[in-house]
Amino acid sequence: MIKWLRVMTLRQYHDNGPDFGAVRQYLLELQDRLCTALELEDGQGRFVEDAWQHSSGGGGRTRVLNSGLVFEQAGVNYSYVKGDRLPAAATVKRPELEDQRFRAVGVSLVIHPLNPYVPTTHMNVRSFAAGDEGDDTWWFGGGFDLTPYYGFREDAVHWHRNARQACLAVGEDRYPRYKQWCDDYFYLRHRGETRGIGGLFFDDLNSPDFQTCFGFLRSVGDHFLSGYLPIVARRRSMDYGARHRDWQLYRRGRYVEFNLVYDRGTLFGLQSGGRTESILMSLPPKAVWRYNYQPEPGSPEADLYDNFLGSRNWLADES
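Following the numbering used here from start to finish, the sequence shown increments by one per residue and tops out at 386.
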């Protein structure tokens, strides 16, 4: 796990100072672009928008696509919330910010496909500020990760190649750091397994300056579709049966477990008084649990555990 970056005050920035208006505008446009691209890929489903207001100020646009040809459920949320006290989920590593006013803006996406050969995916990009406006601390966070039900090395390599490309905006050293952080973060400790094959995860990003950090946020947001849609195109028409669907629903249970037990975004949303329906949009429409279930050794289902879950260097042959 890499060390948390030191939080720095806005007074330390001049020409490269913060522009939260630009962040909010980018995120609104990103939500539009993501929804348009996903509707085109699905071919049938359409996003329904639900605008909402936060009790302490701000609000959001929740967009959900249900029962599409490709996506059983896809949600793309934009939220801008404010409050008088930063929630505990955001101060675990920053006790000095307890009792501070805050502003948080972000876009989060979760896609649960219908075909079990198409992986579930998650993306989030966000910006925080704590303290009085004009004299507050700020940081960026986010990333994206992939949760396949059946493993394909071709897909894993493509996904991580794209993640590495997204990191070049801030330096070649970032991909291995944020890739490992993702592996460590999306880990179900009670199961002893990763949620999927990882991707990128970063938080508390505030150095060297606001514009550089904002540029990296944009790079992550802009690279999501080029990582995910080619995988969807390769797998969406593969034949599957009841066995494959059953395995997909079982593995979706792991997704639910992580989001409700560990996910900081879920905890932050609930602790900040956010809109419950929007926060829990990330959960799949259907999932199952089975007591002490183990896949048959040597089966395609067991292959997921044996060769895809866990922290692996998918780009080892390219280094």
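Beta carbons: idealized from backbone N, C-alpha and C, even for Gly.
Check: Among 143, 203 and 140, which has the Cα closest to the Cα of residue 170?
Finding: Here residue 170 refers to the residue found at position 103 of the sequence shown. Ranking 143, 203 and 140 by Cα distance to residue 170 puts 203 first.
Check: For the candidate residues 268, 349, 304 and 173, whose alpha-carbon lies nearest to that of residue 245?
Finding: To locate residue 245, count along the sequence shown from 1; it is residue 178. Considering only alpha carbons, the answer is 268.
Margin query: Rounded to whole angstroms, what is the Cα-Cα separation between residue 461 and residue 112?
Written below: Past the edges of the chain, shown from 68 to 386, lies residue 461, and the structure says nothing about it.
Next item on the list: Verify the CB distance criterion: does residue 285 have a CB-CB separation below 9 Å to chain C?
Entry: Checking the listed chains, one finds no chain C in this structure; it contains a single protein chain.
Notebook entry, point to check: To which residues does DSSP link residue 178 through a beta bridge?
Noted result: As a working mapping, residue 178 is identified with position 111 in the sequence shown. Paired residue(s): 141 and 188.
Next item on the list: Leaving aside the five residues before and after residue 194 along the sequence, list all residues of the same chain whose C-beta is less than 6 Å from its C-beta, in chain order.
Entry: Residue numbering aside, residue 194 sits at position 127 when the sequence shown is read from its first letter. Hits under 6 Å: 90, 172 and 207.
Next item on the list: Below 6 Å CB to CB, which residues in the same chain sit around residue 383 once its five sequence neighbours on both sides are set aside?
Entry: The residue given as residue 383 occupies position 316 in the sequence shown. Excluding five sequence positions before and after residue 383, none of the CB atoms of its chain fall closer than 6 Å to its own CB.
Checklist line | Beta carbon of residue 129 nearer than 9 Å to that of residue 351 | finding: Here the question's residue 129 lines up with position 62 in the sequence shown. Here the question's residue 351 lines up with position 284 in the sequence shown. No; because the gap between Cβ atoms is not below 9 Å, this pair is not in contact.
Check: In three-state terms, what does DSSP make of residue 171?
Finding: For the purposes of this step, residue 171 is taken as the residue at position 104 of the sequence shown. When DSSP states are grouped into helix, strand and coil, residue 171 belongs to the strand group.
Check: Going by alpha carbons, who is nearest to residue 341 out of 118, 108, 106 and 220?
Finding: Mapped onto the sequence shown, residue 341 falls at position 274. Of the listed residues, the one whose Cα sits closest to residue 341 is 118.
Next item on the list: Taking all protein chains shown into account, decide if residue 69 is buried (16 or more other Cβ within 10 angstroms of its Cβ) or exposed.
Entry: Along the sequence shown, read from residue 1 onward, the residue named residue 69 stands at position 2. With a pLDDT of 29 at residue 69, under the threshold of 50, the modelled position of that residue is not reliable, and the figure given next carries that caveat. With fewer than 16 other Cβ atoms within 10 Å, it is exposed.
Item checked: DSSP beta-bridge partners of residue 260 -> Residue 260 sits at position 193 when you count from the first residue of the sequence shown. Note: residue 260 sits in a beta bridge opposite 255.
Margin query: What does the Cβ neighbour count give for residue 356, buried or exposed, with the cut at 16 atoms within 10 Å?
Written below: The residue you call residue 356 lines up with position 289 of the sequence shown. So residue 356 counts as exposed.
Checklist line | Euclidean distance between Cα positions of residue 332 and residue 252 | finding: Indexing the sequence shown from 1 puts residue 332 at position 265. Indexing the sequence shown from 1 puts residue 252 at position 185. Annotation: residue 332 to residue 252 spans about 12 Å, alpha carbon to alpha carbon.
Next item on the list: Count the other C-beta atoms from every protein chain shown that fall within 10 angstroms of the C-beta of residue 361, then say buried if there are 16 or more, exposed otherwise.
Entry: Start at 1 with the first residue of the sequence shown, and residue 361 comes out as number 294. Residue 361 counts as exposed, since fewer than 16 other beta carbons sit within 10 angstroms of its beta carbon.
Margin query: Between the alpha carbons of residue 179 and residue 140, how many angstroms are there, rounded?
Written below: The residue given as residue 179 occupies position 112 in the sequence shown. The residue given as residue 140 occupies position 73 in the sequence shown. Approximately 5 Å, taken between the alpha carbons.
Check: When the Cα atoms are used, what is the spatial distance from residue 298 to residue 123?
Finding: Numbered from 1 along the sequence shown, position 231 holds the residue referred to as residue 298. Numbered from 1 along the sequence shown, position 56 holds the residue referred to as residue 123. Those two C-alpha atoms are separated by around 40 Å.
Note to self: Going residue by residue through the region 87 to 117, where are the continuous beta strand (DSSP E) segments of at least 3 residues, counting only ones entirely within it?
What the structure shows: Qualifying beta strand (DSSP E) stretches: none in this window.
Check: Which partner residues of residue 149 appear in the DSSP bridge assignment?
Finding: If you number the sequence shown from 1, residue 149 lands on position 82. The partner list for residue 149 (beta bridge, DSSP) reads 170.
Item checked: Chain-order list of residues whose beta-carbon lies under 7 Å from that of residue 218 (same chain, five-residue window excluded) -> Mapped onto the sequence shown, residue 218 falls at position 151. So the list reads 370, 371, 374 and 375, once near-sequence residues are dropped.
Next item on the list: Would you mind reading off the limits of the alpha helix (DSSP H) that contains residue 302?
Entry: Residue numbering aside, residue 302 sits at position 235 when the sequence shown is read from its first letter. Element bounds for residue 302: 277 to 302.
Margin query: Restricting to runs no shorter than 4 residues, where is the alpha helix (DSSP H) found entirely within the region 218 to 246?
Written below: Entirely contained in the region 218 to 246, the alpha helix (DSSP H) runs reaching 4 residues are, in chain order, 220 to 234.
Checklist line | Coarse secondary structure for residue 83, derived from DSSP in three states | finding: On the sequence shown, position 16 is the one that residue 83 refers to. Residue placement at residue 83 cannot be trusted, given a pLDDT of 48 that sits under 50; what the coordinates show is reported in the next sentence. Per DSSP, reduced to three states, the secondary structure at residue 83 is coil, with no helix or strand assignment.
Check: Does DSSP put residue 331 in a helix, a strand or coil?
Finding: Position 264 of the sequence shown, counted from the first residue, corresponds to residue 331. Three-state DSSP puts residue 331 in a helix.
Item checked: residue 288 versus residue 368: straight-line alpha-carbon distance, rounded -> Numbered from 1 along the sequence shown, position 221 holds the residue referred to as residue 288. Numbered from 1 along the sequence shown, position 301 holds the residue referred to as residue 368. Each residue's Cα considered, the two are about 31 Å apart.
Margin query: So, under 8 Å CB-CB, residue 183 and residue 290 are touching, yes? Tell me the CB distance rounded to an integer number of Å.
Written below: Along the sequence shown, read from residue 1 onward, the residue named residue 183 stands at position 116. Along the sequence shown, read from residue 1 onward, the residue named residue 290 stands at position 223. The C-beta distance from residue 183 to residue 290 rounds to 25 Å, too long to meet the 8 Å contact threshold.
Checklist line | Nonlocal neighbours in the same chain, by C-beta distance under 7 Å from residue 93, ignoring five residues either side | finding: Looking up residue 93 in the sequence shown gives position 26. Annotation for residue 93: 285 place their beta carbon closer than 7 Å to its own, counting only its chain and skipping 5 residues before and after.
Checklist line | Cβ shell of residue 378 (< 6 Å), same chain only, five flanking positions each side left out | finding: Residue mapping note: residue 378 aligns to position 311 of the sequence shown, counting from 1. Only 250 meet the Cβ criterion.
Check: The alpha helix (DSSP H) spanning residue 273 covers which residue range?
Finding: Taking the first residue of the sequence shown as position 1, residue 273 is located at position 206. No alpha helix (DSSP H) holds residue 273; DSSP gives it neither H nor E.
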